[in-house]
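Q: Mapping of the sequence shown onto the working numbering: residues 12 to 100, in sequence order. We treat Cβ as the ideally placed atom computed from N, Cα and C, and that holds for glycine.
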Amino acid sequence: TDPDLQHYFQKFNRYTTLAAQDLQAAGKRFSLLDVLIRPPFLFFKMYVVRRGFLDGLQGFILSFVSMAYIFVKYAKLWELQKKQQRSTL
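1. Can you list, in chain order, the residues of its chain with a C-beta nearer than 8 Å to that of L88? Leave out the 5 residues immediately preceding and following it.
2. Count the other CB atoms within 10 Å of the CB of V83; is the residue buried (16 or more) or exposed (fewer)?
3. In its own chain, which residues sit with a C-beta less than 7 Å from the C-beta of F75, not counting the 5 before and 5 after it?
4. Can you tell me whether F41 is helix, strand or coil according to DSSP?
5. Would you kindly check if the distance between the Cβ of Y80 and the Cβ of F71 is under 8 Å?
6. Let me know the secondary structure DSSP gives G63 once reduced to three states.
7. Between the alpha carbons of I48 and A86, how many angstroms are there, rounded?
8. Considering only residues of the same chain and omitting the five flanking positions on each side of F10, which have a CB-CB separation below 8 Å?
9. With a CB to CB cut of under 7 Å and the five nearest residues on each side skipped, what residues in its chain are close to P51?
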């Protein structure tokens with residue numbers, strides 16, 4: 012059977028958490044620019060530059076979900092760093 016949206020978003024949540032943990036382990040620091048610039052840039056790149064718009068709604072959804080992935084990954088990095096700061100106080 013094809014996975015449904017619930018299955019997809021469970022994986023989305025797990026993978027964004029792992030990606031944020033990897034960024035933290037690599038010493039990456041959260042920057043507001045990471046959540047303000049990277050996601051829309053990726054959307055533009057996928058939808059316009061790589062011509063996702065030619066795939067109609069499917070291209071839009073893929074570009075949007077990819078943008079959301081980047082946003083959530085960096086938001087989770089911010090959350091991890093805030094938790095770490097609180098634990099060191």
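A: Considering the structure as presented:
1. Closer than 8 Å at Cβ, skipping near neighbours: A31, L34, Q35, K39, F41, D45.
2. Counting Cβ neighbours within 10 Å, V83 comes out buried, since at least 16 surround it.
3. Excluding the 5 residues flanking it on each side, F75 has same chain C-beta neighbours closer than 7 Å at F54, in chain order.
4. Three-state DSSP puts F41 in coil, outside helix and strand.
5. The beta carbons of F71 and Y80 sit no closer together than 8 Å.
6. For G63, the secondary structure class from DSSP, reduced to helix, strand or coil, is helix.
7. Whole-angstrom Cα-Cα distance: 13 Å.
8. Not covered by the structure: residue 10. The range shown for the chain is 12 to 100.
9. Cβ-Cβ distances below 7 Å link P51 to M78 in the same chain, with the five nearest sequence neighbours on each side left out; the list follows chain order.
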